[in-house]
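One structure is given below, encoded as structure tokens.
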Amino acid sequence: MLRTRTLPEILGQLVDDEIDAFMLLTLEGALMGSSSSMNPSDHKVIGAIATYTWNEYNHSGKDCVGETDNLQFLNIELENGRLAIAPIGAKFLLCAHTAKLSTQVGLLRARMEAMVDTLGPSLEHLSY
47 MLRTRTLPEI
57 LGQLVDDEID
67 AFMLLTLEGA
77 LMGSSSSMNP
87 SDHKVIGAIA
97 TYTWNEYNHS
107 GKDCVGETDN
117 LQFLNIELEN
127 GRLAIAPIGA
137 KFLLCAHTAK
147 LSTQVGLLRA
157 RMEAMVDTLG
167 PSLEHLSY
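Numbering (the working numbering), first residue to last: 47 to 174.
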């Protein structure tokens, strides 16, 4: 069972020199938990942008090919880093932020997949 007090600790396991922050969000953009070396006030801003972007890409997929929920990973190259977004179940998104453009997308994706595999089973039963 996932305890809310342990969520920042779990998310913080993968924060290092390459990845500055991990955030767990609802599909509506509410921040459920985060761990980072960044300013905590930035988490809500990044979370809102990530959720909006994810939902737009997911909606565009529905309009173009008639399918939803096929988007599994989104990498966004920003002016000052990268933002990776992946779904966890049907209700949550996991975001990772790095301020280094030199961080390889494959590394970012592998760490995201590891965290999705870790948190996924616990979050399946969670309702908000």
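Backbone N, C-alpha and C fix where the C-beta goes; we use that ideal spot for every residue, glycine too.
Does residue i come out as helix, strand or coil in the three-state DSSP assignment?
i	result
G93	helix
L71	strand
S148	coil
A130	strand
A136	coil
L153	helix
E159	helix
L57	helix
D62	coil
Nearest CA to the CA of residue i: which residue from the options?
i	options	result
G58	E74, L77 and S81	S81
G75	K90, N85 and D63	K90
T149	W100, N101 and D63	D63
Just list the residues that DSSP pairs residue i with in beta bridges.
i	result
L77	L71
N104	In DSSP, N104 forms no bridge with anything.
N121	A130
S82	A67
C141	M69 and I131
Looking at residue i: is its Cβ nearer than 7 Å to the Cβ of residue j?
i	j	result
G135	L169	yes
L117	G107	yes
I131	A96	yes
T164	I65	no
Apart from the five residues just before and just after residue i, which ones in its own chain have a Cβ nearer than 8 Å to its Cβ?
i	result
E55	S81
Excluding the 5 residues preceding and the 5 following residue i in the sequence, name in chain order all residues of the same chain whose CB lies nearer than 7 Å to its CB.
i	result
V61	A67, F68, S81, S82 and S83
T72	M78, K137, F138 and Y174
G166	I134 and G135
Once the 5 residues before and after residue i are set aside, which same chain residues still bring their CB inside 6 Å of it?
i	result
C30	Because residue 30 is not part of the residues shown, which for the chain are 47 to 174, the question remains open.
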